[in-house]
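Chain order of the listed sequences is L and E.
Counting from 1, one number per residue, gives the positions in the first sequence under the UniProt record's numbering.
Counting from 1, one number per residue, gives the positions in the second sequence under the UniProt record's numbering.
Just so it is clear, CB atoms sit at the ideal spot from N, CA and C, and this is done for glycine as well.
Every value quoted in this text rests on a predicted model; they were computed, and no experiment measured them.
Working notes, structure below.
2 protein chains.
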Amino acid sequence: MEKHTKETCAKSKLAIRDTLDVVGGKWKLVLVSVLRSGKKGFNELSREAGISPRILSKELQELEMNGLVSRQVCNTKPVTVQYELTDYSQTLNDVLKAMEKWGNQHRQKLY
Amino acid sequence: MEKHTKETCAKSKLAIRDTLDVVGGKWKLVLVSVLRSGKKGFNELSREAGISPRILSKELQELEMNGLVSRQVCNTKPVTVQYELTDYSQTLNDVLKAMEKWGNQHRQKLY
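Next comes the structure, spelled out in structure tokens:
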């Protein structure tokens, strides 16, 4: 990160807050990491990520709004919906990688 | 990140979830980024980060519990309390850097 001045600090605080606004919260990055293995239906996602349908629906909508996940309605009977990561979501790779690394080292520190 | 197999996926999902358990939520990383400019009192932190005292107190306690922030009671009248990042919190630098970078590029994408 840049040298700390009041200005660069405010700027980096803002950028971090922007990121947290989009992918913060308990579930968004978990969902992105679950979807990395390929597109998934709603129930499958709910099961794999361990999220209740009500919350999952809201989280997916927000991810879609921010261009990170795309939603595809399939013409089946009954209609099914599949969720998939967008190309843009790949820009999150460095964030996910850093978090994965940190999670691993923190776990080692604890046990 | 490693190649996707069911096993490496589960492991990386777990590591990301661990990280989110410790520093996820709306405020933790914002607090860490605010404290990067030096130790701060409770009211100062509340003001700078824009967090209500009730929530700030809870967030600081959790950060302290995880060894990321230290709390120092100063023998003044009235007693004041200062919060400071620990050395261990520096392990979060890569996460913060990645989030800062992403926040900046996402903002450019939007405007």
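Measuring alpha carbon to alpha carbon, tell me which residue in L:L56, L:S57, L:V81 and L:L29 is nearest L:L92. Ranking the options by Cα distance to L:L92, first place goes to L:L29.
For this session: With DSSP as the reference, label E:M1 as helix, strand or coil.
Result: Summary for E:M1: the model assigns pLDDT 46, below 50, so the residue's position carries little reliability, and this model does not support an answer.
Practice prompt. Taking only beta-carbon positions, decide if L:T19 is within less than 7 Å of chain E.
Written response: It does; some Cβ of chain E falls within 7 Å.
Chain E partners of L:T91, CB-CB under 8 Å?
-> Residues of chain E passing the Cβ test: W102, Q105 and H106.
I'd like the list of long-range same chain contacts for L:T86, defined as Cβ closer than 8 Å, with 5 residues on each side in sequence excluded. Cβ neighbours of L:T86 beyond the five flanking positions: G67, L68, V69 and S70.
In DSSP terms, what L:G41 is bridged to
In the DSSP assignment, L:G41 forms a beta bridge with L:Q82.
6 Å Cβ shell around L:T19 - same chain, five flanking residues per side excluded: If we look at L:T19 and ignore the five residues flanking it on each side, it has no Cβ neighbours.
Check your understanding: When DSSP labels each residue in this structure, what does L:R71 get in the three-state scheme?
Key -> Strand at L:R71.
query = Between which two residues does the alpha helix (DSSP H) harbouring E:Q108 extend?
reply = N93 to L110 is the extent of the alpha helix (DSSP H) around E:Q108.
- prompt: What number of angstroms, rounded off, separates the C-alpha of L:K39 from the C-alpha of E:M99?
  reply: Distance between the alpha carbons of L:K39 and E:M99 is about 25 Å.
Item checked: Chain-ordered neighbours of L:T13 on chain E, where CB pairs are closer than 8 Å -> It should be noted that the sequence gives Lys, not Thr, for residue 13 of chain L. Ordered by position in chain E, the residues that pass the 8 Å Cβ test against L:K13 are V30, S33 and V34.
Q. Which value, in whole angstroms, describes the spacing of the CA atoms of E:G25 and E:L60?
A. For E:G25 and E:L60, the distance between alpha carbons rounds to 13 Å.
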